[in-house]
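Novice: Position 273 (the sequence shown) corresponds to 273 in the numbering used here; numbering is contiguous.
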Amino acid sequence: MTAIVETTNLTRRYGSTLALNSLNLSIPQGAIYGFIGPNGAGKTTTMRILTTLLLPSEGEAYVAGHSVVRERAAVRRSVGFMPDFFGVYDSMKAHEYLDFFAASYAIPPERRPRLIDDLLALVDLSHKKDSDVMGLSRGMKQRLSLARTMLHDPALLILDEPASGLDPRARVELRELLKELRSMGKTIMISSHILTELAEMCTHIGIIERGTLLASGDVTTIMRSLQPHRIFEVHVLSADEEPLATTLATAAALARAQPHVLEVRELPEGDPPQLQIDFDGDDRAAGALLGALVAGGVVVSHFAGQVSDLEEIFLRVTEGSAYGGTN
Ligand SMILES: Nc1ncnc2c1ncn2[C@@H]1O[C@H](COP(=O)(O)OP(=O)(O)OP(=O)(O)O)[C@@H](O)[C@H]1O
Ligand SMILES: [Mg+2]
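1. If you draw a straight line from the alpha carbon of residue 125 to that of residue 171, how long is it in whole angstroms?
2. Helix, strand or coil: how does DSSP classify residue 238 here?
3. May I have the straight-line CA-CA distance separating residue 279 from residue 262, to the nearest angstrom?
4. Does ligand 2 have a heavy atom nearer than 7 angstroms to the CB of residue 44?
5. CB of residue 240 to nearest heavy atom of ligand 2: below 7 angstroms?
6. Would residue 98 be called buried (16 or more neighbouring beta carbons within 10 Å of its own) or exposed?
7. Measuring only the C-alpha atoms, how far is residue 89 from residue 133?
8. Can you check whether the CB of residue 32 is closer than 8 angstroms to the CB of residue 194?
9. Can you look up residue 305 in the DSSP assignment and give me helix, strand or coil?
10. Am I right that residue 54 and residue 45 are in contact with their C-beta atoms under 8 angstroms? What's the rounded C-beta distance?
11. For a quick check, are the C-beta atoms of residue 274 and residue 231 less than 8 angstroms apart?
12. Roughly how many angstroms lie between the CA atoms of residue 16 and residue 57, to the nearest whole one?
13. Name the residue from 26, 38, 87 and 82 whose alpha carbon lies nearest to the alpha carbon of residue 62.
14. Three or more C-beta pairs closer than 8 angstroms, one from the region 73 to 84 and one from the region 139 to 158: is that the case here?
15. In chain order, what residues of the same chain lie with their CB nearer than 6 angstroms to the CB of residue 186, ignoring the 5 residues before and after it?
16. Apart from the five residues just before and just after residue 2, which ones in its own chain have a Cβ nearer than 8 angstroms to its Cβ?
17. Can you tell me whether residue 204 is helix, strand or coil according to DSSP?
18. Output needed for residue 105: all residues of its chain with C-beta closer than 6 angstroms, excluding positions within five of it in sequence on either side, in chain order.
19. Residue 300 and residue 236 - do their beta-carbons sit closer together than 8 angstroms?
20. Pick from 166, 10, 23 and 255: whose alpha carbon is nearest that of residue 137?
21. Under the assumption that residue 190 contacts residue 168 (Cβ atoms under 8 angstroms), give the Cβ distance between them as a whole number of angstroms.
22. Using CA coordinates, which residue listed in 91, 122, 216 and 269 is at the minimum distance from residue 245?
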């Protein structure tokens, strides 16, 4: 796949704040690329640079092969941007709103009514054509805003937090709409700080924190590369009159002697008391680990690998941030 977005050492400072730190990002044509990171990570900054609303301090970015520094007009023709706020418009109807922006893209007046009708139909707002935009619900405003980004038929849509504030149903509708746009050949970059919000709708994800790209690639590869180990939770029954802590210590010692065991935590005060074993082996090796515990005389009542979902991976890679770290 060819890349529709490519950044090389993209850097942006605001005064002494380093908002983007040498970002190397690549988005394949036709992808739905989820750009995920906590507040202040640099998502909006990146998107504003890719849409020529902001210049990089250093480095370069190319959209559809055009430089965001030297070929701004060409970049703008290739990209539609939906910002994270809707703006305020005095008594303007939905179709007038689209007509206003169509005019700013120099779309000839005679082409506009048909185009506007088509776009309103695409985002399922035909019935709101004559409604005041400020009276639309949040979800409807989002969809109208999405219609606006498509007026000039750009190859790339950049959507800044489109799912925030939407109810579950509106979120499903958004997901369906994005799929439809993808089938129309669009590439979509979409940001969020909530990973699960994007997990099912994206083909690729990039995780950014404090201006640094922590991981980027197709969803499966990211899962694999960020999930080198699983955590097994092990419950044991105490042997005879032995305190449970002693049994746990025996089990921990047996586990530590096994291959692929990275770390063993004894949690006698846990609920229930348990061992947590960080493990980087496959299922066969996990079976051997369980076998070793049993062969060592430990009565194992529960042995289960925690399934890491994307949310958990995100917490792990952004450890140290406001999301899960100590600082
Ligand atoms: N206009 C500005 N002036 C000064 N600093 C800014 C400006 N815009 C952004 N920043 C800083 O740059 C960093 C990245 O901000 P950015 O808005 O790109 O983050 P974000 O990932 O979009 O966050 P959020 O999830 O809150 O929208 C932050 O530290 C922010 O405070
Ligand atoms: Mg933002």
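In this text, a Cβ means the ideal position worked out from N, Cα and C, and glycines have one as well.
Specialist: For this structure:
1. Their backbone Cα atoms lie some 16 angstroms apart in a straight line.
2. coil
3. Residue 279 and residue 262 have their C-alpha atoms spaced approximately 6 angstroms apart.
4. yes
5. no
6. buried
7. The alpha-carbon atoms of residue 89 and residue 133 are separated by roughly 7 angstroms.
8. The Cβ-Cβ distance between residue 194 and residue 32 does not fall below 8 angstroms.
9. Three-state DSSP puts residue 305 in a strand.
10. The Cβ separation is near 7 angstroms, so the contact holds.
11. no
12. 12 angstroms
13. 26
14. yes
15. 157
16. 28 and 29
17. strand
18. 151 and 152
19. yes
20. 166
21. With 8 angstroms as the limit, residue 190 and residue 168 do not qualify as a contact, their Cβ atoms being about 17 angstroms apart.
22. 269
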